[in-house]
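*Asks:*
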Amino acid sequence: MEYDFRKIEQEWQEKWKANKTYKVSNDAAKPKYYVLDMFPYPSGAGLHVGHPLGYIASDIYSRYKRLKGFNVLHPMGYDSFGLPAEQYALETGQHPAVTTENNIATFRSQLDKIGFSYDWDRQVRTSDPNYYKWTQWIFLQIFDSWYNRITSKAARIDELLRIFETEGNINHISPGDKAFQFTADEWEDFDEKRQQEILMDYRLAFSSYGEVNWCEALGTVLANDEVVNGVSERGGYPVEKKKMRQWYLRITDYADRLLEGLDRIDFSDAMKEMQKNWIGKSQGAEMDFAVKDHDQPLRVYTTRPDTIFGVDFMVVAPEHELVSGITSFDQKAAIENYLTYVKSRSERERLAEVKQITGCFTGAYAINPFDGKEIPIWIAEYVLAGYGTGAIMAVPCGDQRDFLFAKHFNIPITNIIGDHFNGEAANATKEAILQNSGFLNGLLMKDAIGVAVNRIEELGIGKRKVNYRMRDAGFSRQRYWGEPFPIVWSDGIAIPLDAAELPLELPHVDKYGPGPNGEGPLANIGDWVNLDLTPNPSTKERGTLPYESEELNSTVTVAGEQGIEPGYFNSSSNEWRNTLSFAKENRKGQTEEESIIWQEIRNRKIDGFKFRRQHPIAGYIPDFVCLEKKLIIEIDGEYHNGEDQKRFDTARQNWLKENGFEMLRFTNEQVNGHLKEVIRDIAEKLNEKKPELKEATVSENEKRQPLAGSGSPLFWRGAGGEVKRETSTMPGYAGSSWYFLRYMDPGNSQTFCDRKASDYWGQVDIYIGGTEHAVGHLLYSRLWTKILFDLGYIGHDEPFKKLVNQGMIQGSSRFVYRVVIKNLMNEVYELKQHPILVSLTYYNNFKNGSLTFKNIQDLINKNSLKTQFGIDRLPNNYNIDIVPKHVNVNIVDGFELNINDFRKDIFNKEFKDAVFILEDGTVSFPEDNSAEINSKYICGSEVEKMSKSKYNTVNPDELVEKYGADTFRMYEMFLGPVEQSKPWDTKGIEGVHRFLRKLWRLFYDDMKGNVWTNDKATDAELKVLHRTIKKIDEDTERFSFNTAVSTFMICVNELADLKCHKKEILEPLLFLLSPYAPHISAELCSLIGTAVSPIGEDATNSVYPVFNPALLVESSKEYPVSINGKVRTNINIALDITQADVEQIILQNDVVQKWLEGKAPKRIIYVKNKMVNVVI
RNA sequence: GCCCAUGUGGCGGAAUUGGUAGACGCAGCAGACUCAAAAUCUGCCAUUCGCAAGGGUGUGAAGGUUCGAUUCCUUUCGUGGGCACCA
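1 is the number of the first residue of the first sequence in the numbering used here; add one for each residue after it.
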């Protein structure tokens, strides 16, 4: 029985699948461990050998932890929304859902072959409605939240409403418009729309007009991290700034917590550094400078207030609001010129060109508050409107840009740092002693910063200020293949859908092109966008509304029938407009009595209950309503006597009653004469009525209705006017910002993840993935986790405890070198029928000039190529060039090209009749491939990113087929440290395969059959085993899989040398090996009959071999003995020996004697268990 | 320009806390077995001087700390990555 890996691996994989060996339960009996891979985007190209690297590492670790007795969550899924599927749809018309499905099937079959221990029952896909239902739901929770800067925590909009109603916004300045303040009374007087606009400014997911990165070619906006050097990360298309309405996540509010959280998680320094950079926190001060002859001061932001006396000019951004006001008459024309110039330049031009110094003087002067110096104010594009205050104080002796600017425009430079400034370049030191600096003279700069800020604050002209480079995260895309926003727009107000209505599924579209006005494809589907608010038309006529006029001639039906959702209208949006405007009119046309009541009940004057006036409920507009208690108050007028009106009153009262509303009616006389009693009646009613709306709790979060801040659901449900769906979709990072939570409780239809499940699994213990997500995915996941934590849905605020970044496996590209003929205009005449390819040496010689144009001509002539292949039809004057061309690495053996395979290669059809000039100058013609050729065609090589277009991808399927999954897994690990990038080289895989076969032979010999025995192990064999146990355990724990593989090799080599075939030794070895090579381990375990299988089924016991240090104890050691630090000999010395004894033994040694040449040593250093060093 | 990695044989890499540099594997060379091939096994394999014994040099380069440095410090060069008018 030989090592038939194909059969073994297939059998075991089927067995594991049938037995659901890797099914994980949320059973809290065992300690948990969560090992997560970054889930892949299922691209059409399939896997290459670089993809599984991280998956194998995490699989080894999961299996290892499982053996050690942990309940290990190790799931896999797909990040299946995204641009490429949609681009593909645009080109081919294939629905993204279809291509995505196909791609996933390919991925899955490739993954399955490698023998992963995923619990596939927990699979998630971001594009699955059952998944994105909860992405939408979480979005709604974020929408329903604001950031309380006092408690540094997200809270519900409800709470903010209450604050506004009691104290206005004095304690919670709007993040949108910082200068905007209102009192509680003012808040009550704002109409609904205004209130909603204000609330929108506070929401953590908010919509606003802003400058966005618009990519015309992709037809969408992009987040900052999706734009690289002014072009789109995907596709490299130009990106411009554009003002559009967009959704954002208020990540800036979390800047500090995102920074602080980094201290509590185990990410690499590089990764933390990148996130810190992205957040870009800087400490400094904001201060006002008076502007000469103007009232408004100029506010600047600086991190170096200590340089205040070195300010020689001011620079404000061209877009700064003060520019037009302060520009002097003389400078007006120049400034306008400059502004025109700035506007004409795109973002890309600004980034692309060599830094130019441009700017223009405004003619205005700021006054230095400390010495009264007049400081000219300039504008220049190097100052950005969006950062700080959009204005800086320029200190040319300390800042290089300011220095260059001053030099360029001949602005005199004040030196405040003495010798530290040489007049040639600025010096940004903080170590200099200040000079020419008034009250700061003689202070060290870094000490002066605090002193200066204190003085600035004392004078009331500025204050300490922290600034962040990070901007709020754009959260909408004008694309199709993403989560639709669960939002409808009515009269400019964003109205969230109800949780019960989720998922809002992606509608089908016929074409994927952009919609009108920069909107996404969804905007093209009129039926979907324009909401039909007549889902349940009623036939029951209940009368006309009181305000209905003859001209409108329409009817509104209050839904009162069985089975009909309350609040829906079977009327057009026109009629809704009427309802709203009617309600508004009513507010204006309040009667005297209504005003009296309103003064008594507004602002929660009755026991804290909130009343609204003229607030529509279904088709009915009551005078006052307390939604919380469903209590309506009517002050009767005299219009209730008409026939229609009576029917209407009856119908609506029945409807209101059915829906839990109670009504109190008072007459005008009661209000005028018995106000106290009226109010008392209202208060009593309020207090006796049980609340209808439950407070939200975590487990009942879905029942939470209405969404706070949106007013009555009844109102918004039927909201009239133009009611349209949001047509943007969410960006790629939406679904990936919380998928690690869904794995914990993937099937839950009640909530995104039960709190019990998330409390059990908690943080991801090990997260493995590439560095490319440093600021995107990882930052957003951390943000969502923090928000969900603040809102009480989960119990931890950092998603990933430890992050391991796998390195990139690069491709080792191979090149052939093609001779091309060019005419003098450098136009290429390709030798189409018989292209000539020369071997590497020719190319190198050509590059370094030792092979000339003439040589190649000769070469061509000498081999009669000219006549044979029609090269004589060349232009009269021509040049020869040799150009490299990628060649499929799979047909190159090392560096030697397989010429016949090359001619047959489907990727290179044009070369099927190519002529090769080999290393020694021999020519290989297409016809004579039978002829014996001694020379070779040698390819050039280069290490590059592995990609299809470079023909350097290696498909894991083929390797698994040829060597087996176990060999493949171990070889990927053996390549080098997981974190390190390294080039792929298939050749070495043989060595690993040999190792597994050698292991197999410890159990089974082709000649002798079974060779394993039940004999008792010797000390030497136990020593080998326990050294291995120790090393494997340590290496696996610290993710050093490459050294672990080599340890296995050493162990098997040693056991083979010892001719050890003993079960006592081999069984523990198989357990150690099973995370790395699960199939062969399982097979051999069943061969020798182990008590439990190392693979999962019996993971209730901790079955991992335990290291016994006693077996490795030695009594003596071969000490390396060095003379003056150079090892000269080895001496065996007992371990429990004193320094004096060691010295004696050492000095008697021949080698040491020889080096001492009779002299006495200066010193003998003896480090127990390490070495001995003799100093002469 | 700034920040972060990283640099060891022909190649991938090892040396975990400053203690025998080059483990393990690939490639290569020599040999055994074989009609032959495959498979397997044995030996050699940083470089240099030497028949050998043995010695010199050697972890990008130059300095330093130390009895001892791939490891720590300073300077510098190369490579890879991130950020880039961020005041």
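Note that beta-carbon positions come from the ideal geometry of N, C-alpha and C, so glycine has one too.
Considering Cα atoms alone, identify which of 94, 59, 124 is closest to residue 40.
*Replies:* For this step, residue 40 is matched to residue 40 along the first sequence. When each option's Cα is compared against that of residue 40, the closest is 124.
*Asks:* What's the call for residue 426, buried or exposed, on a 16-neighbour Cβ count within 10 Å?
*Replies:* In the first sequence, residue 426 corresponds to position 426, counting from 1. Classification for residue 426: buried.
*Asks:* In angstroms with no decimal places, state the Cα-to-Cα distance between residue 880 and residue 92.
*Replies:* By one-based count along the first sequence, residue 880 stands at place 880. By one-based count along the first sequence, residue 92 stands at place 92. C-alpha separation (whole angstroms): 41 Å.
*Asks:* Measuring only the C-alpha atoms, how far is residue 522 from residue 513?
*Replies:* By 1-based counting over the first sequence, the position of residue 522 is 522. By 1-based counting over the first sequence, the position of residue 513 is 513. Approximately 9 Å between the Cα atoms of the pair.
*Asks:* Tell me whether the beta-carbon of residue 200 lies closer than 9 Å to the beta-carbon of residue 307.
*Replies:* On the first sequence, position 200 is the one that residue 200 refers to. On the first sequence, position 307 is the one that residue 307 refers to. Against a cut-off of 9 Å, the Cβ pair of residue 307 and residue 200 comes out as no contact.
*Asks:* Hey, is the region 286–296 in contact with the region 356–375, meaning 3+ C-beta pairs nearer than 8 Å?
*Replies:* Because the criterion of three Cβ pairs below 8 Å is met, the region 286–296 and the region 356–375 touch.
*Asks:* Please check the pair residue 50 and residue 730, which I expect to be a contact at CB under 8 Å, by giving their CB distance rounded to whole angstroms.
*Replies:* Residue mapping note: residue 50 aligns to position 50 of the first sequence, counting from 1. Residue mapping note: residue 730 aligns to position 730 of the first sequence, counting from 1. Incorrect: roughly 29 Å between the Cβ atoms, too far for contact.
*Asks:* Indicate the three-state DSSP secondary structure (helix, strand or coil) for residue 29 in the structure shown.
*Replies:* Here residue 29 is taken as the residue at index 29 of the first sequence, counted from 1. Residue 29 falls in the coil class under three-state DSSP.
*Asks:* Are the region 950–966 and the region 1073–1083 touching by the rule of at least three beta carbon pairs closer than 8 Å?
*Replies:* Yes: the two stretches touch, three or more of their Cβ pairs being nearer than 8 Å.
*Asks:* Based on DSSP bridge pairs, tell me the residues matched to residue 462.
*Replies:* On the first sequence, position 462 is the one that residue 462 refers to. Paired residue(s): 287.
*Asks:* My output table needs one value for residue 247: the three-state DSSP class, helix, strand or coil.
*Replies:* The residue labelled residue 247 in the question sits at position 247 within the first sequence. Residue state, collapsed to three classes: strand.
*Asks:* Could you compute how far the alpha carbon of residue 423 sits from the alpha carbon of residue 405?
*Replies:* The count along the first sequence starts at 1 and reaches residue 423 at position 423. The count along the first sequence starts at 1 and reaches residue 405 at position 405. So the alpha carbons of these two residues sit roughly 14 Å apart.
*Asks:* Between which two residues does the beta strand (DSSP E) carrying residue 301 extend?
*Replies:* Along the first sequence, one-based indexing puts residue 301 at 301. It spans 298–302 - the beta strand (DSSP E) in which residue 301 sits, taken as one unbroken run.
*Asks:* In chain order, what are the residue ranges of uninterrupted alpha helix (DSSP H) at least 4 long that sit wholly in the region 152–234?
*Replies:* Here the runs fully enclosed are 157–167, 184–189, 192–202.
*Asks:* As a quick exercise: from 133, 143, 1125, 1002, pick the residue whose alpha carbon is nearest that of residue 495.
*Replies:* Counting from 1 along the first sequence, the entry for residue 495 is found at position 495. The shortest C-alpha separation from residue 495 is found at 143.
*Asks:* Taking the Cβ atom as the reference point for each residue, do residue 304 and residue 484 lie within a distance shorter than 9 Å?
*Replies:* In the first sequence, the residue the question calls residue 304 occupies position 304. In the first sequence, the residue the question calls residue 484 occupies position 484. Contact: no.
*Asks:* Leaving out the 5 sequence neighbours to the left and right, which residues in its chain are closer than 6 Å to residue 744 when beta-carbon positions are compared?
*Replies:* Within the first sequence, the letter at position 744 stands for residue 744. Contacts found: 753, 757, 758, 761.
*Asks:* List the residues that DSSP assigns as beta-bridge partners of residue 314.
*Replies:* Along the first sequence, read from residue 1 onward, the residue named residue 314 stands at position 314. According to DSSP, which records beta bridges pairwise, residue 314 is partnered with 377, 393.
*Asks:* Below 8 Å CB to CB, which residues in the same chain sit around residue 1036 once its five sequence neighbours on both sides are set aside?
*Replies:* Against the first sequence, residue 1036 aligns to sequence position 1036. Cβ within range, chain order: 60, 61, 64, 1044, 1075.
*Asks:* Note down, in chain order, each residue of its chain lying with its Cβ closer than 7 Å to the Cβ of residue 1173, except the 5 sequence neighbours on either side.
*Replies:* Against the first sequence, residue 1173 aligns to sequence position 1173. Within the same chain, residue 1173 has close Cβ partners 1122, 1125, 1165.
*Asks:* Mark residue 270 as exposed unless 16 or more other C-beta atoms lie within 10 angstroms of its C-beta, in which case mark it buried.
*Replies:* Counting from 1 along the first sequence, the entry for residue 270 is found at position 270. Counting Cβ neighbours within 10 Å, residue 270 comes out exposed, since fewer than 16 surround it.
*Asks:* Quick one: grab the DSSP three-state call for residue 696.
*Replies:* Reading the first sequence from its first residue, position 696 is the one you call residue 696. With a pLDDT of only 31 at residue 696, under the threshold of 50, the placement of this residue in the model should not be trusted; the figure read from the coordinates follows. In this structure, residue 696 counts as coil in the three-state DSSP scheme.
*Asks:* According to DSSP, simplified to helix, strand and coil, what is residue 886?
*Replies:* Translated into the one-based positions of the first sequence, residue 886 becomes position 886. Reduced to three states, the DSSP call for residue 886 is strand.
*Asks:* Going by beta-carbon coordinates alone, are residue 463 and residue 453 separated by less than 9 Å?
*Replies:* The residue you call residue 463 lines up with position 463 of the first sequence. The residue you call residue 453 lines up with position 453 of the first sequence. Their beta carbons are under 9 Å apart, which means residue 463 touches residue 453 by this criterion.
*Asks:* Suppose you measure from the CA of residue 330 to the CA of residue 318; what does that come to, to the nearest Å?
*Replies:* For this step, residue 330 is matched to residue 330 along the first sequence. For this step, residue 318 is matched to residue 318 along the first sequence. Near 18 Å, if we compare the C-alpha coordinates of residue 318 and residue 330.
*Asks:* Taking its Cβ as the centre, do 16 or more other Cβ atoms sit within 10 Å of residue 343, making it buried, or is it exposed?
*Replies:* For the purposes of this step, residue 343 is identified with residue 343 of the first sequence, where counting begins at 1. Exposed, because fewer than 16 other Cβ atoms sit within 10 Å of the Cβ of residue 343.
*Asks:* Give me the Cα-Cα distance between residue 299 and residue 332, rounded to the nearest whole angstrom.
*Replies:* Taking the first residue of the first sequence as position 1, residue 299 is located at position 299. Taking the first residue of the first sequence as position 1, residue 332 is located at position 332. If you take the alpha carbons of residue 299 and residue 332, they lie about 22 Å apart.
*Asks:* Determine, using beta carbons only, whether residue 264 and residue 1114 come nearer to each other than 9 Å.
*Replies:* Locating residue 264 in the first sequence gives position 264, counting from the first residue. Locating residue 1114 in the first sequence gives position 1114, counting from the first residue. No, these two residues do not count as a Cβ contact at 9 Å.
*Asks:* Determine the burial state of residue 492: buried for a count of at least 16 other Cβ atoms within 10 Å of its Cβ, exposed for fewer.
*Replies:* As a first step, residue 492 is located in the first sequence; it is residue number 492 there, counting from the start. Flag for residue 492 reads exposed.
*Asks:* Given this structure, state the Cα-to-Cα distance separating residue 12 from residue 508, to the nearest angstrom.
*Replies:* Here residue 12 refers to the residue found at position 12 of the first sequence. Here residue 508 refers to the residue found at position 508 of the first sequence. Near 42 Å, if we compare the C-alpha coordinates of residue 508 and residue 12.
*Asks:* Report the residue from 288, 160, 239 whose alpha carbon sits nearest the alpha carbon of residue 202.
*Replies:* Walking along the first sequence from the start, residue 202 turns up at place 202. The shortest Cα separation from residue 202 among 288, 160, 239 belongs to 160.
*Asks:* Under a Cβ-count criterion, where at least 16 other Cβ atoms within 10 Å of its own Cβ denotes burial, should residue 994 be classed as buried or exposed?
*Replies:* Numbered from its first residue, the first sequence carries residue 994 at position 994. Classification for residue 994: exposed.
*Asks:* Going by the CB atoms, is the gap between residue 732 and residue 82 shorter than 9 Å?
*Replies:* To locate residue 82, count along the first sequence from 1; it is residue 82. To locate residue 732, count along the first sequence from 1; it is residue 732. It is a contact, given that the beta carbons lie within the stated cut-off.
*Asks:* Should residue 376 and residue 314 be called a contact, given that it needs their Cβ atoms to be closer than 9 Å?
*Replies:* Counting from one through the first sequence, the residue named residue 376 turns up at place 376. Counting from one through the first sequence, the residue named residue 314 turns up at place 314. Going by C-beta atoms, residue 376 is nearer than 9 Å to residue 314.
*Asks:* Determine the direct distance from the alpha carbon of residue 68 to that of residue 801, and round the result to whole angstroms.
*Replies:* Indexing the first sequence from 1 puts residue 801 at position 801. Indexing the first sequence from 1 puts residue 68 at position 68. For residue 801 and residue 68, the distance between alpha carbons rounds to 20 Å.
*Asks:* Going by beta-carbon coordinates alone, are residue 186 and residue 168 separated by less than 9 Å?
*Replies:* For this step, residue 186 is matched to residue 186 along the first sequence. For this step, residue 168 is matched to residue 168 along the first sequence. Closer than 9 Å, so yes.
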